[in-house]
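A.B. asks: Please see the structure below; I have some questions.
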Amino acid sequence: MKLILTADVANLGGPGDLVDVKDGYGRNFLLPRGLAIVATRGAMKQVETIRRTQEGKRIRDLDHAREVAGEIQGLGKVTVAAKAAGEGGRLFGSISPADIVSAVKSAGGPNLDKRLVEIAGHIKTTGSHSVHVRLHPDVRVELPLAVQGT
1 MKLILTADVA
11 NLGGPGDLVD
21 VKDGYGRNFL
31 LPRGLAIVAT
41 RGAMKQVETI
51 RRTQEGKRIR
61 DLDHAREVAG
71 EIQGLGKVTV
81 AAKAAGEGGR
91 LFGSISPADI
101 VSAVKSAGGP
111 NLDKRLVEIA
121 GHIKTTGSHS
131 VHVRLHPDVR
141 VELPLAVQGT
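Residue numbers (UniProt numbering): 1 to 150.
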């Protein structure tokens, strides 16, 4: 089965790579998780768009990771707006890494990949929380959050 990868897959390739995998691996793992799309003529035209999108989020090397870490630390406390909160500040649902990434971007921070955000447990209450962003094996940044219910 010929597929075009849309994200980094260990031991297989990076975004925009054309790979040939066994049918079961592609159909049962890569496609349902959104890690790849079927290689068609139309999809081949989208390869460059996929590569440009992923390149904007990619951390290139240790120096670039340190630069991005400085940008994140310069933001200070990032405010995340939760959909709704009940009595005592308890949220209906929880804060996801995608919510945190969009809050960082709206606060003027860098465009991050949601897989870089590490949350210890679930964030299910309003108030102050802290998460970690793993930019590189040697660079890890603590990001303070202020969760507000609407």
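The C-beta atom is built at its ideal place from N, Cα and C for all residues, glycine as well.
Helix, strand or coil for LYS2, going by three-state DSSP, please let me know.
C.D. replies: Residue state, collapsed to three classes: strand.
A.B. asks: Report the three-state DSSP secondary structure of HIS132 (helix, strand or coil).
C.D. replies: Here HIS132 sits in strand by DSSP.
A.B. asks: What is the DSSP secondary structure of VAL21, reduced to helix, strand or coil?
C.D. replies: coil
A.B. asks: Should ASP8 be listed as close to the ligand MG, given that the test is whether its C-beta is under 7 Å from any heavy atom?
C.D. replies: For the structure depicted, the ligand MG is absent and the ligand set is empty, with no information on it obtainable.
A.B. asks: Which residue marks the beginning of the alpha helix (DSSP H) containing GLU71, and which one marks its end?
C.D. replies: 62-75
A.B. asks: Please report the residue range of the beta strand (DSSP E) in which ILE100 lies.
C.D. replies: Looking at the DSSP string, ILE100 is not in any beta strand (DSSP E); the run it does join, the alpha helix (DSSP H), is 97-106.
A.B. asks: Measuring only the C-alpha atoms, how far is GLY14 from GLN148?
C.D. replies: 36 Å
A.B. asks: Taking the straight line between their C-alpha atoms, what separation do you get for VAL47 and ARG90?
C.D. replies: The alpha-carbon atoms of VAL47 and ARG90 are separated by roughly 43 Å.
A.B. asks: Would you call the CB atoms of VAL141 and ILE37 closer than 8 Å?
C.D. replies: no
A.B. asks: Starting from the Cα of ALA146, find the closest Cα among VAL78, ASN111, ASP17 and give me that residue.
C.D. replies: When each option's Cα is compared against that of ALA146, the closest is VAL78.
A.B. asks: Under three-state DSSP, which class holds LEU116?
C.D. replies: helix
A.B. asks: Using DSSP's beta-bridge definition, name the partner residues of LEU35.
C.D. replies: DSSP, once it has assigned bridges, lists no residue as partnering LEU35.
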